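Okay, structure first, notes after.
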Ligand code: NDP
Ligand code: 2IT
């Protein structure tokens, strides 16, 4: 394993996020490779860390002032062993090959866990939709698709949203694809309902992360009723996490964005959540405005020089990190544990640094890693693909029922894999092993390709 990681570092210099994700999976699956020498012989892990295809391209566009702008676009087609590449697009100034490779790598195992036939991919651009007009976003999306359309298709690669890519961006991307290909097809998920989207897709990641937390709590004969919950982010995942928490009788007390966070001890109720949804999705405002509107809440601006995030330093029962990678550092993890938090369900991808993960495992808290806990989003994307193929649309209840069942199945698969490899209660090894085994078997069946 040391030799394997040394090789990864050498082949992917400076790609810290990607190496972080690989190292966690490699550690978890070591006992699987020991039990299955055929995986080692076929170099399954070595093949898994090499993307099947990495596309990087120029995205030129013209801003409202008539200036030419240039961004860099990417699509990582990581692994297609169990289905067409599937995974979101991220538009954020921090986007680079390392971040997208880590996301694509995680997506492979996450998608395998969903039980649906989807391979793993991820894409995006170092474009910041914040502060851009709708027309600028449209021109950017059209230029992005102008190159990428030739690499996509309903049986080849089916992207969706992630940070900075919501219904507006998916609309412009879909329109551009349709025009270029002269074909109305299910090539993207997260579409609006009226033109091929699935009910519950916007809600799915947040709902799924809460369903996963409920499953973890059930192993200790507990429910979410009355639990105090810390939630980070205020975008798609955070909003529907809070919605489901309210429905389940829990009390969410925080939300954040990259400028700061609010703490509302009374809890974010339905009316306050409606306000947040309007503020974020329509006005595209900042979370600070929540405290102007509700004076009982306190707003704390982000202090870039601080070595911890005070959002994670309140007495609470559960945490739902739903913003971005590595948002819980080692000190934040210690603060969570010291404040009595014993459930962490990751809506975001890889939000906890490795030292934090180790601390959670050491303290035997109920810790659901992103690739299991946030798999609800891509699961309903898979259901959107099914509905598109069937040219049907299912009801809210039908889709939510499938989502709930899938999250229960993912929980069960993690528990069983962890037990089978001697790490009971460890959802990290459980998720990595269960996802890995499915993809590894498929790769073995399909030969060296
Ligand atoms: P959105 O763009 O809707 O919201 C992102 C939220 O996180 C915003 O509040 C944003 O604040 C905050 N945020 C983003 N980057 C940073 C940063 N570097 N530092 C601090 N805050 C930040 O994205 P989503 O809600 O869709 O995604 C959130 C997380 O969930 C991501 O990790 C994503 O990969 C993961 N995820 C999303 C799925 C989905 O279906 N959408 C599925 C599975 C996982 P600001 O507006 O200030 O940037
Ligand atoms: O990280 C993720 O799982 C997503 N951003 C959703 C991917 C998808 O294809 O729905």
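Numbering (the numbering used here), first residue to last: 1297 to 1745.
Glycine is no exception: its CB is placed at the ideal position from the N, C-alpha and C atoms.
All of these numbers come straight from a predicted model, not from anything done at the bench.
Residues of its chain near residue i, where Cβ-Cβ distance is below 7 angstroms and the 5 sequence neighbours each way are ignored
i: residue 1376; result: 1348 and 1415
i: residue 1373; result: 1347, 1348, 1349, 1381, 1417 and 1453
i: residue 1609; result: 1631 and 1635
i: residue 1711; result: 1726
i: residue 1447; result: 1351, 1371 and 1453
i: residue 1593; result: 1558, 1559, 1560, 1586 and 1587
i: residue 1477; result: 1445
Beta-carbon spacing of residue i, residue j below 7 angstroms
i: residue 1500; j: residue 1673; result: yes
i: residue 1558; j: residue 1587; result: yes
i: residue 1600; j: residue 1624; result: no
i: residue 1322; j: residue 1740; result: no
i: residue 1449; j: residue 1388; result: no
i: residue 1688; j: residue 1504; result: no
i: residue 1482; j: residue 1497; result: no
i: residue 1420; j: residue 1444; result: no
i: residue 1664; j: residue 1434; result: no
i: residue 1466; j: residue 1484; result: yes
i: residue 1684; j: residue 1402; result: no
i: residue 1659; j: residue 1633; result: yes
i: residue 1301; j: residue 1319; result: yes
i: residue 1385; j: residue 1455; result: yes
i: residue 1612; j: residue 1637; result: yes
i: residue 1604; j: residue 1628; result: yes
i: residue 1398; j: residue 1313; result: yes
i: residue 1555; j: residue 1582; result: yes
i: residue 1367; j: residue 1358; result: no
i: residue 1364; j: residue 1304; result: no
i: residue 1735; j: residue 1400; result: no
i: residue 1590; j: residue 1327; result: no
i: residue 1432; j: residue 1360; result: yes
i: residue 1411; j: residue 1696; result: no
DSSP state of residue i mapped onto helix, strand, coil
i: residue 1459; result: coil
i: residue 1618; result: coil
i: residue 1604; result: coil
i: residue 1628; result: helix
i: residue 1559; result: strand
i: residue 1596; result: strand
i: residue 1550; result: strand
i: residue 1644; result: coil
i: residue 1516; result: coil
i: residue 1450; result: coil
i: residue 1374; result: strand
i: residue 1494; result: coil
i: residue 1333; result: helix
i: residue 1433; result: helix
i: residue 1502; result: helix
i: residue 1308; result: coil
i: residue 1650; result: helix
i: residue 1582; result: coil
i: residue 1734; result: helix
Burial state of residue i (16 or more Cβ within 10 Å)
i: residue 1480; result: exposed
i: residue 1614; result: buried
i: residue 1707; result: buried
i: residue 1430; result: exposed
i: residue 1475; result: exposed
i: residue 1621; result: buried
i: residue 1560; result: buried
i: residue 1574; result: exposed
i: residue 1572; result: buried
i: residue 1307; result: exposed
i: residue 1492; result: buried
i: residue 1667; result: buried
i: residue 1490; result: exposed
i: residue 1530; result: buried
i: residue 1567; result: exposed
i: residue 1661; result: buried
Neighbourhood of residue i by C-beta distance below 8 angstroms, restricted to the same chain and skipping five residues each side
i: residue 1521; result: 1544, 1545 and 1546
i: residue 1714; result: 1720, 1721, 1722, 1723, 1725, 1726 and 1729
i: residue 1699; result: 1496, 1500, 1503, 1504, 1507, 1672, 1675, 1676 and 1679
i: residue 1606; result: 1557 and 1596
i: residue 1626; result: 1649, 1651, 1652 and 1655
i: residue 1310; result: 1394
6 angstroms CB neighbourhood of residue i in its chain, flanking five on each side removed
i: residue 1282; result: Only positions 1297 to 1745 of the chain appear in this structure, which leaves residue 1282 out of reach.
i: residue 1329; result: 1335 and 1336
i: residue 1533; result: 1501, 1502, 1618 and 1643
i: residue 1436; result: 1357 and 1423
Closer than 7 angstroms to chain C by CB, residue i
i: residue 1553; result: In the structure shown, chain C does not exist; there is a single protein chain.
Residue i: CB within 6 angstroms of a non-hydrogen atom of ligand 3
i: residue 1532; result: Judged by which ligands are present, ligand 3 is missing from the structure shown, whose ligands are ligand 1 and ligand 2.
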